[in-house]
Structures are given as structure tokens and as C-alpha cells.
Amino acid sequence: MNPIPTYEEILEGCLNKVPSEMYRGEGSIIYDALSPAVLELAQMYLEVSNLLDLSMPDTAVGTYLDRIVSGYGLTRRQATFALRKISCDQALEIGSRWSVDETTYIIIEPMSDGNYLARCEQVGSIGNRYSGKMESLDGASDANAILIDVVESGQDIETDESLRNRFYESVQRPATSGNVHHYKIWATEVEGVGDAKIFPLWNGPGTVKVLITNADKLPADRSLIDKVASHIEEVRPIGANVTVVAPTSKKININVT
Numbered sequence: 001m002n003p004i005p006t007y008e009e010i011l012e013g014c015l016n017k018v019p020s021e022m023y024r025g026e027g028s029i030i031y032d033a034l035s036p037a038v039l040e041l042a043q044m045y046l047e048v049s050n051l052l053d054l055s056m057p058d059t060a061v062g063t064y065l066d067r068i069v070s071g072y073g074l075t076r077r078q079a080t081f082a083l084r085k086i087s088c089d090q091a092l093e094i095g096s097r098w099s100v101d102e103t104t105y106i107i108i109e110p111m112s113d114g115n116y117l118a119r120c121e122q123v124g125s126i127g128n129r130y131s132g133k134m135e136s137l138d139g140a141s142d143a144n145a146i147l148i149d150v151v152e153s154g155q156d157i158e159t160d161e162s163l164r165n166r167f168y169e170s171v172q173r174p175a176t177s178g179n180v181h182h183y184k185i186w187a188t189e190v191e192g193v194g195d196a197k198i199f200p201l202w203n204g205p206g207t208v209k210v211l212i213t214n215a216d217k218l219p220a221d222r223s224l225i226d227k228v229a230s231h232i233e234e235v236r237p238i239g240a241n242v243t244v245v246a247p248t249s250k251k252i253n254i255n256v257t
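Per UniProt numbering, the very first residue in the sequence shown carries number 1; after that it's consecutive.
Right under this line is the structure:
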């Protein structure tokens, strides 16, 4: 691709086409007449170059990338709210609000004795991060509420890089008839899944194991595992026995001397 001409280069080319007997120096009528038009033309060259970048999958961003991948049946995964478990020594009202660190939560429903399901009011993975003693935002200061387990992980909106990688995975590794790539696409198109690894024939003929992580590339929780299993069950080939699991975390101790 040819380099984008600058304002000075375009102006020089235009002035060189003016008859030599005419004065073309700065401040002349012909110079002042050409200069604004050349400035607009130089800006148009830049916009055309940017438009070309935005029309190609390797350089498109934002809504431009969304429109490119939509033609291949892909959509950007949207941000979701985390669902958390709150433990309390008193009965909590449905709809009451609680906070810990940078996050706030609203009680949705009771789960079991002393435990409640709450939704983080901040969208995305921030709802997965914090735990510990909570403060009431409704004046229930004598209640001892503690934010504990993640019931369903919140996820951030999918990045351009992640969406681009899924696009390339889809077009460069065609998914057909329930092959390995097909299972990976089915798993990763579920909101909340960060990555998936497929193990065909892991337990004999007709068996498939699908290993998934969450959006933070950590082991998926039970809720996400169930979602992926349910989705694959709807689209898998007849006769396939599919098992969806999360990887097991392994701690590595590093000593530096």
C-alpha cells in the first residue's frame, strides 16, 4: 500500500500543475485558493486509510469488528453481573443493599439458613474479587453480614483481542459434524467462558471431555459448567457422551535466591 500523502506533498503537486508564468508563492491568489481544498483532501486521505483498517478483521476495533464477525455468526460476549452468597446472623430483607470495598450488592433471595443470594450492582469481573465483612447501606448496622462464595462469576465485556481470536478460530479451523473445533466453538460461545480444551475419546468411543475456564482464565464454577453442558447438549451430535469439567488449580512454589 502506498504511503498516505501529506498536506505539503499534495499542495506541491497541485502548484506544480499551475502554469509557470503565474505566481504560485505563499500569499498568492492561486496558493490561497488551493490551500483549503488541499487541507480537506489530506484529511480525506487519512479517513480513507482509517476506514480501510476498520474494514479488515486484523485491524478493526469496537463496533466495526462486531459488524465483521456478525457475518460469520459471532457476537461479542456482553458483561454480566456476579451472583454471590452472603452469610448473616440475622434475617435480611429482599432488596436490601450491602457493600464491601469497592462493590455493592443487593439481596435477591434466601438460599438456606443464614445464607442469601445477592447480585453485584457493578457489572463485570469486579463482582468476583472481594470477600469479607459487609456494611449495610440501609441502616441495618447490627447485622453481621459476610460476603463469601461466588455463585455465578461476573464477566467483563469481551475485548477486541478475544473476539478477534474467536473469529480466526472459526474461519481458520472449520467446525463440522461435531469435530474438536465444533465443541470448542460451542463451549466458548457461552457467556462467561474464557477458554476451552477438548479431549475426544477420553473415556472410550463416543465420549468427549470439555475442559473450561471462566473469563479470568480461572477454573469455571458449577453454574458456568452447567450452562456449557446444557448448551452443548442442545447442539451435539446424536450419540455423543459429553462431560464438561473445570481444570484443577495447582499451586507452584518458587524460591528465589
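Positions of the beta carbon are idealized from the N, C-alpha and C atoms, including for glycine.
Model, not experiment: these values are computed from the prediction.
Residues near residue i by beta carbon distance below 6 Å, same chain, minus five either side
i, result
"residue 133", "146"
"residue 184", "196 and 198"
"residue 228", "187, 190, 212 and 244"
"residue 119", "81, 83, 106 and 108"
"residue 68", "57 and 60"
Best match in the options for proximity to residue i [C-alpha to C-alpha]
i, options, result
"residue 143", "242, 114, 217 and 32", "114"
"residue 82", "123, 70 and 102", "123"
"residue 92", "169, 252, 47 and 138", "138"
"residue 153", "97, 182, 172 and 223", "223"
"residue 40", "161, 5, 204 and 66", "5"
"residue 74", "167, 176, 33 and 218", "167"
"residue 249", "219, 90, 232 and 235", "219"
"residue 103", "87, 96, 175 and 127", "127"
"residue 192", "66, 215, 70 and 135", "215"
"residue 236", "257, 251, 176 and 225", "176"
"residue 258", "182, 251, 246 and 217", "Residue 258 lies beyond the stretch modelled for the chain, which goes from 1 to 257, so this question has no answer here."
"residue 45", "25, 3 and 85", "3"
"residue 136", "204, 96, 173 and 8", "96"
"residue 88", "23, 20 and 110", "110"
"residue 66", "164, 255, 225 and 254", "164"
"residue 8", "22, 35, 47 and 49", "35"
"residue 125", "252, 70, 256 and 79", "79"
Check whether residue i and residue j have beta carbons under 7 Å apart
i, j, result
"residue 241", "residue 206", "yes"
"residue 100", "residue 130", "yes"
"residue 51", "residue 64", "no"
"residue 30", "residue 18", "yes"
"residue 160", "residue 61", "yes"
"residue 10", "residue 33", "no"
"residue 86", "residue 116", "yes"
"residue 221", "residue 171", "no"
DSSP beta-bridge partners of residue i
i, result
"residue 132", "147"
"residue 169", "Paired residues: none, contrary to the question."
"residue 115", "87 and 112"
"residue 262", "Shown here, the chain extends from 1 to 257; a query on residue 262 therefore has no answer."
"residue 152", "83"
"residue 14", "Residue 14 pairs with nothing; no bridge assigned."
Neighbourhood of residue i by C-beta distance below 8 Å, restricted to the same chain and skipping five residues each side
i, result
"residue 202", "208, 209 and 243"
"residue 239", "206"
C-beta neighbour in chain D for residue i, strict 7 Å
i, result
"residue 57", "In the structure shown, chain D cannot be found, because there is only a single protein chain."
Own chain partners of residue i with C-beta closer than 7 Å, once the 5 adjacent residues on each side are dropped
i, result
"residue 158", "76 and 77"
At what residue ranges does the UniProt domain "Baseplate J-like central" (175 to 246) contain a whole run of the alpha helix (DSSP H), taking only runs of 4 or more? The alpha helix (DSSP H) runs lying completely inside the UniProt domain "Baseplate J-like central" (175 to 246) and spanning 4 residues or more are 180 to 188 and 222 to 235, given in chain order.
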